[in-house]
Structures are given as structure tokens and as C-alpha cells.
Amino acid sequence: MGVRITGWGTAVPDRIVTNDELSLTLDTSDQWITERTGIRERRIGGSAMTLGTLAGERALADAGLSTSDIDFLVLATTTPDRIAPATAPMIANAMGLTCPAMDVNAACAGFMYALRTAQGLLETGNKKILVIGAEHLSRWVDWTDRNMAVLLADGAGAAVLEYDPDGTDLLSFSLGADGSAADLLTCEHGGFFEMDGKEVFRRAVRVVVSSAEEALKEAGITADDLALVIPHQANLRIIQAATQRLGIEMSRAVVVLDRYGNTSSASIPLAFADARDNGRVKAGDYALLTGFGAGMTWASAVVKWSR
Ligand code: ACO
6 MGVRITGWGT
16 AVPDRIVTND
26 ELSLTLDTSD
36 QWITERTGIR
46 ERRIGGSAMT
56 LGTLAGERAL
66 ADAGLSTSDI
76 DFLVLATTTP
86 DRIAPATAPM
96 IANAMGLTCP
106 AMDVNAACAG
116 FMYALRTAQG
126 LLETGNKKIL
136 VIGAEHLSRW
146 VDWTDRNMAV
156 LLADGAGAAV
166 LEYDPDGTDL
176 LSFSLGADGS
186 AADLLTCEHG
196 GFFEMDGKEV
206 FRRAVRVVVS
216 SAEEALKEAG
226 ITADDLALVI
236 PHQANLRIIQ
246 AATQRLGIEM
256 SRAVVVLDRY
266 GNTSSASIPL
276 AFADARDNGR
286 VKAGDYALLT
296 GFGAGMTWAS
306 AVVKWSR
């Protein structure tokens, strides 16, 4: 039994914050941020609910479905608008959905965890599921802390997954979590994001490579077969290091962090949408989706686009 990905949608705030603008208030520079991260600008504003709702509506329209068609909403978010209620029911209400709705928090691997959750929900009788990744990270950034302020941003992306008895787009998954590394990247209640950037960097490359290798093996293909790599958008140097170790040239990697920064669980659908808008997604192509984040959590999947 299979899963088809039939629609995509994204939403980002209108407000663009450039590296130069951050340099006005922080001891940093466009040169440092660009060279060390690849980020040139980011979008700031909205909320997990408003951005998630817009992305969800666009994904539904892209799939040609109406709200009554959706059996379940799974929202990946690290930054729910409130601790309770979850943000997913609020998005469902704003969209006019009447189905079950829940949040999943796996930080920057969240969209991948939500896809895997949706796949399981389709295996147990649901027919159409809306998966959204939506983040309002800027709310939890100390704007006097240059370590985090240059990295994190806001945005949302969504996908519609449909049951198909005759074939599947999702060929394999490899997910993991290591709570012994929890303190490397945290945001306490009422606090701000803090990170041991160097150690997160090192571990990120390791887990992306190992989970990608597992997902490729389970899908029965090699890195050479991949048309695209759609990685979590945290740092260009992480993407370069991981693709190099996997033997994949950078021309096959999708990079949008230069325009959007790190949007956590929204970054993979934002990257996918960009690839599709630029004609880089073709039926029959294999793609590797891979993410990692606080937890630490990580997840890779091999997808074969059918449309
Ligand atoms: N502007 C200017 N200088 C800076 C800045 C800044 N914004 N930040 C740090 N520096 C300085 C440091 O103080 C240091 O100075 P020193 O040499 O005098 O001590 C120097 O630049 C180098 O700092 P490093 O921390 O060694 O810089 P590094 O090259 O490691 O880059 C970064 C830091 C960008 C954070 C990198 O380590 C990284 O990307 N790590 C992974 C981040 C990540 O992937 N997070 C994951 C998910 S986020 C989530 O889950 C929500």
C-alpha cells in the first residue's frame, strides 16, 4: 500500500531582514554570516498559526481538494503559539477542517517525523492527510544574542498525502533520536534558543550521512540515483559537508537558506517548493529528504516523485 504526495504549499512573512540590518544592532557582519552560514536574509513575522494556515490552504488548493476531504492534520512545530492548546486544532479551525488535528515536535526534523506519522495514519485507514511544518522561531530568539539571531527565522510549508493502493512516493524512512545530546540545543519555558553550535554541527553531519545511507539502502538505490537532495536548511557548510561525504555534488542539493534562514520544520517543504517552482522536480526522479535538530532528532527519507 502506498502514499502519494499530491499537493504542496508554503507561506513566509513579508518582512525581509537582511544581514546588514542585523549588523546595525549586533556585533556581526554580512560577510561573517554569509561565509559561516550561507544565510543572506530571512523572513520575520506572523505566528505558527497564521503561517501554517496559509501554507495548508495553498497545499489543499494545489492538490485540488476541499477541506471536507482531509481526514487528519499533523502539524510539525517547535514553536507552538501556546503550550496549550496545540496549534494544529487552531489551524484546523482557521482552515475550516473538522478532522482530528495534533502537533508533533521533533525540532528541525519535525516535518520528516510528521510525514512518517502521516504515513502510519494512512496505513490505518485514513485516506487524505494534511502535513504542515510551521515555525515562529523569531519569538524565542534573544535579539541581542548574535549566536542565534543570525540563524533562526519564520515560515511554513505543507504537503497533502493521499492513500494509493497501487503505488507509493515514499520509498523509505530512517529516523532517530538521541536524548543524551538534549542540552546542545535548548529553549526553556519563557527563555530563548541557546546552542552549542560547533557540536550540533559535528553531530548533524554524522546523523544526516548515516540516516541517508540507511534510507538509500532500504529504498534499494544509491546516491548516484538521486536527482535531488532536499536537506534541512540550517547552514550551507553542513549541507556541503554531508553531501560531500555521501558523494553527491552540490548541484543536486536544494538550497533556500540564503533567502529564508533556518525555519526548522518549515525548511524542507520550503526547499521542495523552491525546487518545484524552478522545474527541478520531475516525475520518476528520486529525491533524498533529510533533517536534523534539537533533541537531537534526525530523519531521512527517499521519495520517488510520481507527478
Ligand atoms: N557574527 C560574528 N561573529 C560571530 C558570530 C556572529 N553572528 N557568531 C559567532 N561569532 C564568532 C565567535 O565568537 C567566534 O569568535 P572567536 O574566534 O573570537 O572566539 C568565531 O565567530 C567563530 O565562532 P564559531 O562558533 O566557531 O563559528 P562556527 O563556524 O562554528 O559557526 C554556527 C557557528 C553558524 C552556529 C555553526 O556552528 C552552526 O551552524 N552550527 C549548527 C547550527 C544548527 O545546525 N542548528 C540546528 C538546528 S536549529 C533548531 O533546531 C531550532
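Numbers given in the working numbering equal positions in the sequence shown, counted from 1, plus 5.
Note that beta-carbon positions come from the ideal geometry of N, C-alpha and C, so glycine has one too.
Keep in mind the model is a prediction, meaning the values are calculated, not measured.
Residue environment: ILE88 is assigned as exposed (fewer than 16 neighbouring CB atoms within 10 Å of its CB, all protein chains considered). In the structure shown, LYS133 adopts extended strand secondary structure according to DSSP, grouped into three states. For TRP37, the shortest separation between its Cβ and any heavy atom of the ligand ACO lies below 7 Å. Between the alpha carbons of LEU31 and GLU62 lies a distance of about 37 Å. Between the region 56–76 and the region 128–142, the count of C-beta pairs closer than 8 Å reaches three or more; the two stretches touch. GLY115 is a Cβ neighbour of VAL109, given a cutoff of 8 Å.
ALA304 and PHE178 do touch by the CB rule: their CB atoms are close to 7 Å apart, below 8 Å. ARG47 has its alpha-carbon roughly 22 Å from the corresponding atom of ALA64. In this chain, the alpha helix (DSSP H) harbouring GLY125 covers 115–128. Non-local C-beta neighbours of GLY266 in its own chain, meaning closer than 7 Å and more than five positions away in sequence, comprise ILE44, ARG47, LEU156, LEU157 and ALA158, ordered along the chain.
Counted as a single uninterrupted DSSP element, the alpha helix (DSSP H) harbouring LEU221 occupies residues 202–224. GLY12 and VAL165 do touch by the CB rule: their CB atoms are close to 4 Å apart, below 8 Å.
Per the Cβ contact rule, the region 209–226 is in contact with the region 237–256 (3 or more Cβ pairs under 8 Å). As summarised for the region 45–125, the continuous beta strand (DSSP E) elements at least 3 residues long and confined to that stretch are 46–48, 77–81 and 106–109, given in chain order. Rounded to whole angstroms, THR295 and ASP25 show a C-alpha spacing of 30 Å. Residue pairing of ASP290 in beta bridges, as defined by DSSP: absent, with no partner found. In terms of Cβ geometry, ILE235 and ILE273 form a close pair [threshold 8 Å]. Take ASP74, set aside five residues on each side of it, and the residues of its chain with a beta-carbon closer than 7 Å to its own are LYS133, in chain order. Annotated three-state conformation of ALA271 is helix, per DSSP. Taking the Cα of ALA123 as reference, the smallest distance to any Cα among PHE197, TYR168 and VAL261 is reached at TYR168. Following the DSSP letters along the chain, one finds LEU262 inside the alpha helix (DSSP H) bounded by residues 262–265. Taking C-alpha positions only, ALA68 is separated from GLY300 by approximately 33 Å. Inter-residue distance for LEU176 and MET117 is about 13 Å (C-alpha atoms, whole angstroms).
When the alpha-carbon of PHE77 is set against those of ASP183, ALA209, ILE96 and GLY51, the nearest one is in ILE96. Distances between the C-beta of VAL210 and the heavy atoms of the ligand ACO are all 7 Å or more. Shown here, THR295 sits in a strand according to DSSP, grouped into three states. Remark: the shortest separation between the CB of LEU78 and any heavy atom of the ligand ACO does not fall under 7 Å.
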